[in-house]
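Numbering (the working numbering), first residue to last: 27 to 188.
We put the beta carbon where it would ideally sit given N, CA and C, even for glycine.
Each remark here refers to the structure printed beneath this line.
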Ligand SMILES: C[S@@+](CC[C@H](N)C(=O)[O-])C[C@H]1O[C@@H](n2cnc3c(N)ncnc32)[C@H](O)[C@@H]1O
């Protein structure tokens with residue numbers, strides 16, 4: 027019974043939640059993560075916000091460059107993995123468990139996302155009303171319809187909200 031319950035929670039966390047609330051889990055390749063940070067031209071002391079931080083690889087790459095990183099993640103299994111992987115960077119990395127659409131997003135210099143196309147418009151509206159502008163958005167794989175791309179490389183798109 028316990029095994030079936032755990033299995034059910036696992037399936038719900040990885041499939042249902044991701045598909046209906048943002049994007050299912052699929053990690054960005056490490057090479058793309060490096061390109062994302064290059065595109066963003068972040069400086070030491072900047073803050074990166076990641077919506078759906080998965081296993082924490084983007085947060086770790088940012089912390090290695092002395093960038094503060096805050097990640098939201100809804101899947102409790104990934105929150106645990108992410109928490110354990112980022113222990114070494116606790117001074118710089120914060121992980122928040124929950125649905126990022128329901129949270130008020132903290133002040134940050136950049137937001138990194140790997141969503142699915144149907145959530146890009148919602149994200150755009152939210153960033154247009156973001157109180158701590160300017161903020162850069164790096165989106166992996168998906169574009170925002172009708173918004174000018176400032177830079178792009180290898181499937182990563184940089185947008186600026188002023
Ligand atoms: C495509 S994966 C990307 C993971 C990570 N950003 C990366 O690039 O490696 C999307 C992640 O967002 C999480 N997610 C989806 N919808 C969410 C929501 N509404 N709130 C918080 N996390 C969410 C999923 O659980 C998944 O880990």
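Identity of the residue in the options nearest residue i by Cα
i           : options               : result
residue 94  : 84, 102 and 103       : 84
residue 151 : 80, 187, 32 and 181   : 187
residue 64  : 162, 131, 171 and 169 : 162
residue 35  : 102, 68 and 70        : 102
residue 124 : 137, 96, 145 and 114  : 96
residue 88  : 129, 109, 68 and 180  : 68
residue 169 : 108, 141 and 90       : 141
residue 181 : 174, 172 and 167      : 167
residue 155 : 174, 177, 130 and 178 : 130
residue 143 : 29, 56, 27 and 46     : 46
Contact set for residue i: own chain, Cβ-Cβ below 6 Å, skip 5 residues either direction
i           : result
residue 72  : 93 and 135
residue 158 : 133
Contacting residues, own chain, Cβ-Cβ under 8 Å from residue i (five flanking each side not counted)
i           : result
residue 126 : 48, 77, 78, 98 and 100
residue 148 : 127
residue 108 : 79, 80, 81, 82, 85, 97, 99 and 121
Supposed close pair residue i, residue j - CB separation, criterion 8 Å
i           : j           : result
residue 190 : residue 111 : Outside the shown range of the chain, which is 27 to 188, sits residue 190, and nothing can be said about it.
Cβ shell of residue i (< 7 Å), same chain only, five flanking positions each side left out
i           : result
residue 138 : 62, 74, 76, 84 and 164
residue 177 : 65 and 184
residue 179 : 61 and 65
residue 160 : 186, 187 and 188
residue 53  : 80, 81 and 83
residue 105 : 99, 121 and 123
If you pair each beta-carbon of the stretch 111-122 with each one of the stretch 56-68, do three or more pairs fall below 8 Å? The answer is no - the stretch 56-68 does not touch the stretch 111-122, with fewer than three Cβ pairs under 8 Å.
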